[in-house]
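Participant:
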Amino acid sequence: MDETVVGIDVGATLAKLAVRGPGGKLECSSIPSSDANNLVEQVKTLAPRGVGLTGCGARRLQPHLPATPQRVGEYEAWARGSRELIRAQGLSDDRPYALVSLGTGTSVSLVQGEQVDRLGGTALGGGTLLGLGFALTGCRSYGEFCELAQGGERSQVDLLIQDIYSPGEIDIPGAGTAAAFGRLARIAADTERAAPTDPPAPLASAVTHLVAENVALMAVALVKPSPARRIVFGGSALSENPRLQAILAGVTAAMGFEPILLEDGPYTGAIGALHHAASAADALGQNPNR
Numbered sequence: 394m395d396e397t398v399v400g401i402d403v404g405a406t407l408a409k410l411a412v413r414g415p416g417g418k419l420e421c422s423s424i425p426s427s428d429a430n431n432l433v434e435q436v437k438t439l440a441p442r443g444v445g446l447t448g449c450g451a452r453r454l455q456p457h458l459p460a461t462p463q464r465v466g467e468y469e470a471w472a473r474g475s476r477e478l479i480r481a482q483g484l485s486d487d488r489p490y491a492l493v494s495l496g497t498g499t500s501v502s503l504v505q506g507e508q509v510d511r512l513g514g515t516a517l518g519g520g521t522l523l524g525l526g527f528a529l530t531g532c533r534s535y536g537e538f539c540e541l542a543q544g545g546e547r548s549q550v551d552l553l554i555q556d557i558y559s560p561g562e563i564d565i566p567g568a569g570t571a572a573a574f575g576r577l578a579r580i581a582a583d584t585e586r587a588a589p590t591d592p593p594a595p596l597a598s599a600v601t602h603l604v605a606e607n608v609a610l611m612a613v614a615l616v617k618p619s620p621a622r623r624i625v626f627g628g629s630a631l632s633e634n635p636r637l638q639a640i641l642a643g644v645t646a647a648m649g650f651e652p653i654l655l656e657d658g659p660y661t662g663a664i665g666a667l668h669h670a671a672s673a674a675d676a677l678g679q680n681p682n683r
């Protein structure tokens, strides 16, 4: 059967929609979670034979959707979606890996075959980039913030290892962060030094480094006792943000782990929910008396 199947991941900030239409073509999109009415109308227009639903807003959305949505837990949906996306990138999913969901906040799970276990998380995530980033820079869109961060020089804002140690004095790269936003404190204490000449871009870069470095280091620390040596990153915060992606990959590799950035990472949960719904619809089609 090849009728339309839909997967929805309703997060705190964005609702992600994955649609597999006739012929198996997959299309993904997202809208603000606050615009639930528009999402419901989109799904009704598609008239799907199956709907998979996950995320923190799933319970509120479920009564308004057509048919009977298949509710699936977030960790299960993310694990299933990540396996699909890993294979789509030509990689093997037969080894255990840590799965980092970088959405409004960040969650880390251990995926071993069909088993998924949450390891931990942090309040640092896309919500931090939006909230703190917008407050410091005046940006009003995520794309604008990411573009600003890409061109910013964070050494005007962050205190780096090379600022406090001489070369070779400590076994940590000089470009590493000694104190996030620490240089601003020094500038404030020294009235003879001028403030950064172009504050918004360095501030955007510093916020991005703050989130990315700490998320990557946390993921490494959580997964280190496990057999996994791959760390897979997905989530809406990766969208339009090459600086964030580069830092996540760089820190993960520097700590001796293999980083994998999912190309359709923002839709990992929605794709997992879609496959859950498709499996349920197929099973019902084969046994209509269930």
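If you use our numbering, the sequence shown corresponds to residues 394 to 683, in order.
Every residue, glycine too, gets a C-beta built ideally from N, C-alpha and C.
All values reported here derive from a predicted model rather than from experimental measurement.
1. In the DSSP output, which residue or residues are listed as bridge partners for D688?
2. Out of Q482, H602, T397, P620, which one is the CA nearest neighbour of G445?
3. Go ahead and pull the three-state DSSP assignment for T530.
4. Going straight from the alpha carbon of G561 to that of K617, what length do you get?
5. My guess is that G466 and A630 are in contact by the Cβ rule of under 8 Å, so how many angstroms apart are they, rounded?
6. Within 10 Å of its beta-carbon, does D551 have 16 or more other beta-carbons around it, so buried, or fewer, so exposed?
7. Can you name, in chain order, every residue of its own chain whose Cβ lies under 7 Å from the Cβ of T590, other than the five neighbours on each side?
8. Enumerate, from N- to C-terminal direction, the unbroken beta strand (DSSP E) stretches of 3 or more residues contained entirely within the region 467–534.
9. Since R452 sits in a beta bridge, which residues does DSSP pair it with?
10. Whose CA, out of S427, K437, Q435, lies closest to the CA of C449?
11. Exposed or buried, what is K409 when buried is set at 16 or more other beta-carbons lying within 10 Å of its beta-carbon?
12. In terms of residue numbering, what span does the beta strand (DSSP E) encompassing L654 cover?
13. Skipping 5 residues on each side, what residues in its chain have a beta carbon closer than 7 Å to that of V433?
14. Buried or exposed: which applies to Q638, given that a residue is buried once 16 or more other Cβ atoms fall within 10 Å of its Cβ?
15. Tell me the DSSP bridge mates of E420?
16. Distance check for A429 and V403, CA to CA, integer angstroms please.
17. Can you tell me which of S534, G514, G443, T530 puts its alpha carbon nearest to the alpha carbon of P425?
18. Rounding to the nearest angstrom, what Cα-Cα distance links A578 and P635 in this structure?
19. Between E537 and G514, what straight-line distance do the alpha-carbon atoms span, to the nearest angstrom?
20. Grab the span of the beta strand (DSSP E) containing R623 for me, first residue to last.
21. How is L458 classed by DSSP in three states: helix, strand or coil?
22. Which of the three DSSP states is assigned to R356 in this structure?
Facilitator: Once the coordinates are examined:
1. In the structure displayed, the chain extends from 394 to 683; residue 688 sits before or after that span and is not available.
2. T397
3. helix
4. 27 Å
5. G466 to A630, Cβ: 21 Å. No contact.
6. buried
7. In this prediction, T590 scores a pLDDT of 44, lower than 50, which makes its location untrustworthy; the coordinate-derived value is nonetheless stated afterwards. The answer is none, since no qualifying residue turns up.
8. 490–495, 499–505, 508–515
9. Answer by DSSP bridge pairing: none, since R452 is not bridged.
10. S427
11. buried
12. 651–654
13. H457, L458
14. buried
15. V412
16. 9 Å
17. S534
18. 28 Å
19. 27 Å
20. 623–627
21. coil
22. Not covered by the structure: residue 356. The range shown for the chain is 394 to 683.
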